[in-house]
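So in our numbering the end of the sequence shown lands on 948, straight run, no missing numbers. No residue lacks a Cβ here, since even glycine has one placed at the ideal position from N, Cα and C.
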Amino acid sequence: MLVLSSSSPPLLEVFKDRVSSSAYSSSSSSSFTLVLRRSSFRRPLLCCCASNLKLMPDSASPSIAQVVGSGEAKHEDDVKDSKIAPLHSGTFLNVRCGEELLAGIKRESELGTLPVNIASAMEELYQNYRNAVFSSGIPHADEIVLSNMSAMLDLVLLDVEDPFEFSPHHKAVREPFDYYMFGQNYVRPLIDFW
């Protein structure tokens, strides 16, 4: 059994997906339907078993819809009733070079996902960060820039697609993304400690 817990609300809209796996045996496969809902509940708990998937609240939260794995017949009914909504475009997550980052910004701007002013600010941010890190002379600067900027631009795009507002008083956000460590890794190559 795999148990995952998050201290912040999930960033997911309603979606359904069928997952089939035959990794353990070539003659058998298992499938389940997954439904996650964006909620204001503080600590949803996701429990996965070999053939079952349930989304359950921990004891302090109000009830959350349960999702249980089922056979093919139920899956067919669920697919007919569901609307598939992408979680997040993920344009910047698998880029291999800076040109792909810039092309992703242009593509998202042309699709209307990014407002023109945000797209130009993202390009300027990338160029300024790249120039600053490259001028520092640190080894593997190109890998550092690509890693940090792909994460940064993905977070900016996520915030444009689904804005997140921090309350005036909140705990440090460490899940599902550790913003503190990202900030440390982002700024580290820009500071000359010697």
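One question on the structure: do N939 and N882 come within less than 8 Å of each other, judged by their Cβ atoms?
no
Rounded to whole angstroms, how far is the Cβ of L847 from the Cβ of V887, which I believe are closer than 8 Å?
L847 to V887, Cβ: 20 Å. No contact.
Can you list the beta strand (DSSP E) stretches of 3 or more residues lying completely in the segment 918-948, in chain order?
Counting whole runs of 3 or more residues, the segment 918-948 contains no beta strand (DSSP E) stretch at all.
If you count every other CB in all the chains shown that lies within 10 Å of the CB of L911, and 16 or more means buried, which is it?
buried
Local Cβ density within 10 Å of S904, reported as buried at 16 or more and exposed below that:
buried
Let's see if you can read the secondary structure: which residues bound the alpha helix (DSSP H) around R850?
Per DSSP, R850 belongs to no alpha helix (DSSP H) and is neither H nor E.
Would the beta-carbon of E862 fall within 8 Å of that of L868?
yes
Just curious, the alpha helix (DSSP H) that D913 is in, first and last residue?
895-915
DSSP state of G858 mapped onto helix, strand, coil
helix
Could you work out which residue in E878, E897, S843, Y880 is closest to R978 when comparing CA atoms only?
In the structure as shown, the chain starts at 755 and stops at 948, and residue 978 therefore has no counterpart that could be examined.
Contact belief for R884 with G852 at Cβ below 8 Å, rounded distance in angstroms:
7 Å
D946 classed as buried or exposed, judged by whether at least 16 other C-beta atoms fall within 10 angstroms:
exposed
A873 and I859 closer than 8 Å at C-beta:
yes
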